[in-house]
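This report refers to the structure that appears directly beneath it.
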Amino acid sequence: MSIFASILRSVYKLSGAKKAFALPEDALRKEIEKQNRHRGVFAPTDRKAYYETITVNGFPCLIVREHPKPSERAILYFFGGGMLIGPDKGDLPVMRKLCRETGSDVWFPFYPLCMAYCISMQALEGKIRLC
Numbered sequence: 000m001s002i003f004a005s006i007l008r009s010v011y012k013l014s015g016a017k018k019a020f021a022l023p024e025d026a027l028r029k030e031i032e033k034q035n036r037h038r039g040v041f042a043p044t045d046r047k048a049y050y051e052t053i054t055v056n057g058f059p060c061l062i063v064r065e066h067p068k069p070s071e072r073a074i075l076y077f078f079g080g081g082m083l084i085g086p087d088k089g090d091l092p093v094m095r096k097l098c099r100e101t102g103s104d105v106w107f108p109f110y111p112l113c114m115a116y117c118i119s120m121q122a123l124e125g126k127i128r129l130c
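Yeah, the sequence shown ends on 130 if you go by numbering that gives the first Met the number 0, and it's all consecutive.
What follows is the structure in structure tokens.
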């Protein structure tokens with residue numbers, strides 16, 4: 000295991016993130032709601048890139064461009080909050096870097112979270128329902 004991976008693993012253990020999922024359902028919901036208070040849909044105001052917000056299936060999608068004219072390619076960027084924790088502005092530098100280094104636009108959908116929208120899908124012979 001690399002040194003970086005070892006450090007990251009230690010930080011994860013010390014953070015107590017794994018313990019949070021062992022909480023009772025009500026306590027877990029409260030913790031998730033607390034973390035989401037200052038997260039969600041945002042419109043960048045800096046001038047470090049060109050930003051556009053469109054609506055896709057009723058939900059906003061932020062498009063980040065290095066230049067005003069759309070690129071020929073695009074990257075679909077999903078925030079990794081497990082559909083429980085919403086995105087924050089900390090993703091903007093990553094998206095701007097992707098634009099710069101790849102010459103692509105970055106599409107960042109603000110997808111609905113499980114806390115507000117139930118996900119149901121047909122799988123194998125039964126129904127899986129994540130709420």
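We put the beta carbon where it would ideally sit given N, CA and C, even for glycine.
If H66 and Y49 are in contact, beta carbons under 8 Å, what's the gap, nearest whole angstrom? In this structure, H66 and Y49 form a Cβ contact; the two beta carbons are roughly 7 Å apart against a cut-off of 8 Å.
So what does DSSP say about L123, is it helix, strand or coil? Residue confidence is low: L123 scores 37 on pLDDT, short of 50, so the model does not pin down where it sits. No coordinate-derived value is stated.
Quick check on G39: buried or exposed, where buried means 16 or more other Cβ atoms within 10 Å of its Cβ? Exposed.
Just checking: is the beta-carbon of P108 within a distance shorter than 8 Å of some beta-carbon in chain B? Absent from the structure: chain B. Only one protein chain is present.
What residue does the alpha helix (DSSP H) around T44 start on, and which one ends it? Premise fails: T44 is in no alpha helix (DSSP H) and is neither H nor E.
Consult DSSP for I2 and reduce its assignment to one of helix, strand or coil. The answer is helix: DSSP assigns I2 an H, G or I state.
Can you tell me which of L27, K12, F107 and K68 puts its alpha carbon nearest to the alpha carbon of P86? It is F107 whose Cα lies nearest to the Cα of P86.
Helix, strand or coil: which one does DSSP assign to R64? In the three-state reduction of the DSSP assignment, R64 falls in the strand class.
DSSP puts I74 in a beta bridge; with which residues? The beta-bridge partner set that DSSP reports for I74 consists of V105.
Take A73 and list the residues in its own chain whose beta-carbon comes closer than 6 Å to its own, dropping the five residues that flank it on each side. Closer than 6 Å at Cβ, skipping near neighbours: S103, D104 and W106.
List the residues that DSSP assigns as beta-bridge partners of V145. Shown here, the chain extends from 0 to 130; a query on residue 145 therefore has no answer.
CB C60 to CB F109, shorter than 8 Å? Contact flag set, yes.
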